[in-house]
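This note's numbering applies: residue 298 is where the sequence shown begins, and numbers increase by one.
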Amino acid sequence: MERQNYIPKTWDLPQSIRIRLGESVGKQRLMNEEGHLLLLLHAPPTAEDDEVRSAVVFWSNPAGEWKSSPIGGGLSGLEAHLASYRTTIHRLDEEVETAKTARQYFDVMRHMHPMQRATRSMLEVMQAARDARPNETRLISLRDQSADLERAIELIAADAKAGMDFSLAETATQQAIAADKSNSEARRLNRLVAFFFPLATLVSVFGMNEPVKVYTSAGFWIILLSGIVLGFIVHSLVAASHKK
Numbered sequence: 298m299e300r301q302n303y304i305p306k307t308w309d310l311p312q313s314i315r316i317r318l319g320e321s322v323g324k325q326r327l328m329n330e331e332g333h334l335l336l337l338l339h340a341p342p343t344a345e346d347d348e349v350r351s352a353v354v355f356w357s358n359p360a361g362e363w364k365s366s367p368i369g370g371g372l373s374g375l376e377a378h379l380a381s382y383r384t385t386i387h388r389l390d391e392e393v394e395t396a397k398t399a400r401q402y403f404d405v406m407r408h409m410h411p412m413q414r415a416t417r418s419m420l421e422v423m424q425a426a427r428d429a430r431p432n433e434t435r436l437i438s439l440r441d442q443s444a445d446l447e448r449a450i451e452l453i454a455a456d457a458k459a460g461m462d463f464s465l466a467e468t469a470t471q472q473a474i475a476a477d478k479s480n481s482e483a484r485r486l487n488r489l490v491a492f493f494f495p496l497a498t499l500v501s502v503f504g505m506n507e508p509v510k511v512y513t514s515a516g517f518w519i520i521l522l523s524g525i526v527l528g529f530i531v532h533s534l535v536a537a538s539h540k541k
């Protein structure tokens, strides 16, 4: 990559600034040398840009004349740059409002975290520019707009985190309710099995005989009654064990 290719070749920057510039824009910062101000800012970042930031630069010479690249217009271009952040933040706010699941909140936060860092750093740069040019009233307004953007993204991030926490808690509660319902059904099934198991075991003794012989057998009704009584006993023992 060509060194300083994000700086227009027509800009007459002092050497004290040029020697501090690298191949990429690096972090957002202000350079103040020999009456020249150079604001190195980032275009609104995304989660898909792999932390490679696009440079948006603004330069003011000692006479107070402003130029900008790739956005033209000097300080008007800086206002347009802040407006692009405002648009992105508004879109994230809408996505938080429509998010319902933890996955949707996570997707929003993936895009929000780079914006948080970029907005915070941009405010620091704007405050430094305001301090360097205390008599330039437009910088006061632009600094205030940067502060508003920083507060807005922080509030949206807090809403997204609260929404994700609530979604996770709600999902956990639903899972707990479903698990409790499953346990209740399993207990009912165990009690039914416990009730009929002794009876089924005793009746199986007669399983190889003809039904008529079974019913007319002298001990059939005694065994049947014994099975029912044993079923109640085993059912009671199983129910008592579930209550412990």
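For glycine and all other residues, C-beta sits at the position ideal for the given N, C-alpha and C.
- Taking all protein chains in view, the Cβ of Gly369 is surrounded by fewer than 16 other Cβ atoms within 10 Å, so the residue is classified as exposed.
- In this chain, the beta strand (DSSP E) harbouring Arg326 covers 326-330.
- Sequence-distant partners of Lys324 (beyond 5 residues in either direction) whose C-beta falls short of 7 angstroms from its own C-beta, in its chain, are Ser418.
- Residue pairing from DSSP places Ser357 in a beta bridge opposite Leu334, Trp363.
- Separation of Val322 and Ile304 (C-alpha to C-alpha, rounded to the nearest whole angstrom) is 9 angstroms.
- Closest in alpha carbon position to Lys458, among Ala476, Ala377, Met409, Ser438, is Met409.
- When secondary structure is reduced to three states using DSSP, Ala352 falls in the strand class.
- Here His387 is exposed: its Cβ has fewer than 16 other Cβ atoms, across all protein chains shown, within 10 Å.
- Rounded to whole angstroms, the gap between the alpha carbons of Ser313 and Ala380 is 31 angstroms.
- Annotation for Tyr303: no alpha helix (DSSP H) segment contains it, and DSSP assigns it neither H nor E.
- Sequence-distant partners of Glu392 (beyond 5 residues in either direction) whose C-beta falls short of 7 angstroms from its own C-beta, in its chain, are Val405.
- A contact between stretches requires three or more CB pairs, one per stretch, nearer than 8 angstroms, and the region 340-352 fails this requirement with the region 433-450.
- For Ala426, the uninterrupted alpha helix (DSSP H) run begins and ends at 399-429, by DSSP.
- Annotation for His333: Leu310, Pro311, Ile314, Trp356, Ser357, Asn358, Pro359 place their beta carbon closer than 8 angstroms to its own, counting only its chain and skipping 5 residues before and after.
- Checking the DSSP bridge columns, you'll see His339 partnered with Ala352.
- DSSP, reduced to helix, strand and coil, places Asp346 outside both helices and strands of the structure shown, so it counts as coil.
- Collapsing the DSSP output to three states places Ile368 in coil.
- The residue among Val349, Val353, Asn302 with its C-alpha nearest the C-alpha of Leu327 is Val353.
- If you look at Ser313, you'll find it in the alpha helix (DSSP H) that goes 312-315.
- Thr307 sits exposed, since fewer than 16 C-beta atoms from the chains shown fall within 10 Å of its C-beta.
- The beta carbon of Pro341 is closer than 6 angstroms to those of Ser381, Tyr382, Thr385 in its chain, skipping five residues each way along the sequence.
- With respect to the 8 angstroms criterion, Thr416 and Leu436 are not classified as neighbours on the basis of their beta carbons.
- When Ile474, His339, Glu320, Lys478 are compared, the shortest CA-CA separation from Met423 is found for His339.
- The C-beta separation of Ala399 from Leu465 comes to about 5 angstroms, placing the pair in contact by the 8 angstroms criterion.
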